[in-house]
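Throughout, the numbering used here is defined as the position within the sequence shown, counted from one, plus 68. Ideal Cβ placement from N, Cα and C applies to all residues, glycine included. A quick write-up on the structure given underneath.
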Amino acid sequence: MRAPSANPGMVLDEVGAFDSTGNVNVHSAYRSGGKVTPSPPSASSQGQPAPGSQKSTNVGASRKSGVFKWSKAPSEGGNSASESPKKGARNEFNANLRDSAVKVAVVVRPRLASEKQTKECVTVADAATVVVAARQNAAATDLANNSESSFQMDRAYHLNTVEVERQLFDELVQPIVDRVLTGFNGTVFAYGQTGSGKTFTMGTAASAAHMKTPKNHVGVIPRVVSSIFSGLPELKTRYSVSIWVEYVEIYADEIRDLLRSSDTPRAGTLVAIRESPARGTYIEGAERRSVQSEADVGDALEDGNARRAVGVHNLNEASSRSHALFTLHVEQRLLPTAPLGAGCHRFLRTKLHLVDLAGSERAKETGASGQTFSEGVQINKGLSALGNVISALTEVKRRPHIPYRDSKLTRLLQDSLGGNSETLMLACVGPTIPARDQTLNTLRYAARARNIHNHVGVTKYSADEEIAALRAALAEREAFIGQLQQQLATASPGATPMTGPQKLQQRVPNAKVAAPPNAKAGTPPPSSHGRNSRPGSSGNSTLSRASPAFR
């Protein structure tokens, strides 16, 4: 049973973030289906839960000995099915579409140098709980601000050390990477106010040099790339693997390819969104750059970042003026020499979206004007459309129409929200008192997203693509056999070349073959140098369709 949406009448403020309509524990209402009520007054100004306050149950996350495990949302009976993805366990996830809740983690950035004299109002109370303190000097009748708010997500981190960054990756991002390599799509996206540390958390500004410094703060993207390439040698023992990257931005509701320059300086080429039953939603015309190493990925990031739109305002000296989508496309093809085991697939095509959303803004806080103001309006329109999609997906009676087409951003994230993808949302917040209102808006936004359920399954080639790939695989096998034949002829200069049926017998020991047209009944086929030749095979025999080589 889907939990009801809290505050159905909640409106968007001037910048597209959810407006404060009361200091409430939104998460409890969503998860329990109960009535939204204000949290009790705080007994502590240090961000600790008030005595006697009732914490909401952290559904979807289970911890044992401090280790977080991904798990499904509970069934109507309240039982949750825990899943612990194992790296490289390719056969464990080849199943039909299954339900997968969007995971949400809160990431509290450390204070900036300019904020050292500013008090904090956000506390990470435990591994999954964030507490926002009451506003100072709030009136007793001001229910929206005179008490603290507690939000319980799947995970909560204070991103103040490299160890915490590594922990975030290992607990939440690594399982998605593993699933991408086993046939599932994945998405990691960062949302938050401008200046809340989204680009820092995602590592969107990383370069080739950052890819080689995992001991430093590098962000999600470099760690994802390092994980994928470190696992390739083992993967390539059974699969031929190809990796491409794609890097686009959504600026003023237009999609720009950041890997291809345009006539406009420091700008990417405009591209379009397309949809097809086989490929789903994709970007037509965007460059897919083949990458062979971590350094290649770093070079692609640098090239794209040189064209990405950035600006300056009161809250951020290097504010992203666009939503950035960096996508890793992975295609795998079973090698001719590898056995096709149960549950394995000959061909897999997956993608991993790594998304750095532009920050929500209030013009009166940013001091924006002119072009910067217009950019802020467009940014907030996209975020508003994203909020509408999240609301539609989490209503008790899900709408028959989900407004994905209201913006380019929501169209590109259609598979990630309610579609075929393992999805993680990183809700980035600032720790200080001036950011309190926007922090609450971000956490309410995240609480809604946590109730979205995707339907994930293995992503394979379409029928036409699989036929083409099978033909290519057959040609590859024939070339491989030709090489072996040449080696055999070189090793035995006087050897008689094998016929087609003899080649087949050498490849498939138990296969029965038809006798040559000029052979008499009962005459064995010509001898060969293959160890698996079968003299005496009947001339009326035919190739068995159940031959393992053709399954």
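Asked, Found
"Assumed close pair Val-175, Thr-269 - CB separation to whole angstroms, cut-off 8 angstroms", "5 angstroms"
"Own chain partners of Lys-419 with C-beta closer than 6 angstroms, once the 5 adjacent residues on each side are dropped", "Asn-253, Thr-395 and His-397"
"Secondary structure, beta strand (DSSP E): runs of 3+ residues fully inside the segment 201–247", "217–220 and 223–226"
"Helix, strand or coil at Arg-516 [DSSP, three-state]", "helix"
"Test: Ala-503 CB closer than 8 angstroms to a CB of chain C", "The structure shown has no chain C; it contains just one protein chain."
"Three-state secondary structure assigned by DSSP to Leu-461", "helix"
"Test item: CB-CB of Arg-347 and Thr-337 under 8 angstroms", "no"
"First through last residue of the alpha helix (DSSP H) which encompasses Thr-478", "476–480"
"Cut-off 7 angstroms between Cβ atoms - residues of its own chain near Arg-479, not counting five sequence neighbours on either side", "Ile-341, Thr-349, Tyr-472 and Arg-473"
"For Val-200 and Tyr-225, the rounded distance between their alpha carbons", "14 angstroms"
"Secondary structure of Thr-405, DSSP reduced to three states", "coil"
"Length of the line joining the Cα atoms of Met-493 and Phe-257", "5 angstroms"
"Range of the contiguous beta strand (DSSP E) that encloses Ser-308", "307–319"
"First and last residue of the uninterrupted alpha helix (DSSP H) at Phe-252", "Element bounds for Phe-252: n/a, residue is neither H nor E."
"Beta-bridge partners of Val-398, as assigned by DSSP", "Ile-311 and Thr-418"
"Limits of the unbroken beta strand (DSSP E) element including Glu-370", "Run containing Glu-370: none in the beta strand (DSSP E); it sits in the alpha helix (DSSP H), 362–373."
"Rounded separation between Gln-360 and Gly-299 - CA only", "13 angstroms"
"Assumed close pair Ala-274, Val-286 - CB separation to whole angstroms, cut-off 8 angstroms", "6 angstroms"
"Arg-414 versus Ser-308, Ala-195 and Glu-314, residue with shortest Cα-Cα distance", "Ser-308"
"Beta-carbon proximity of Arg-376 to Glu-317, cut-off 8 angstroms", "yes"
"Start and end residues, alpha helix (DSSP H) containing Glu-490", "First-last for Glu-490: 490–497, but that is the beta strand (DSSP E), not the alpha helix (DSSP H)."
"Beta carbon of Tyr-315 nearer than 8 angstroms to that of Leu-326", "yes"
"Neighbourhood of Glu-358 by C-beta distance below 6 angstroms, restricted to the same chain and skipping five residues each side", "This sequence places Ser at residue 358; Glu is not what is there. If we look at Ser-358 and ignore the five residues flanking it on each side, its Cβ neighbours are Trp-312."
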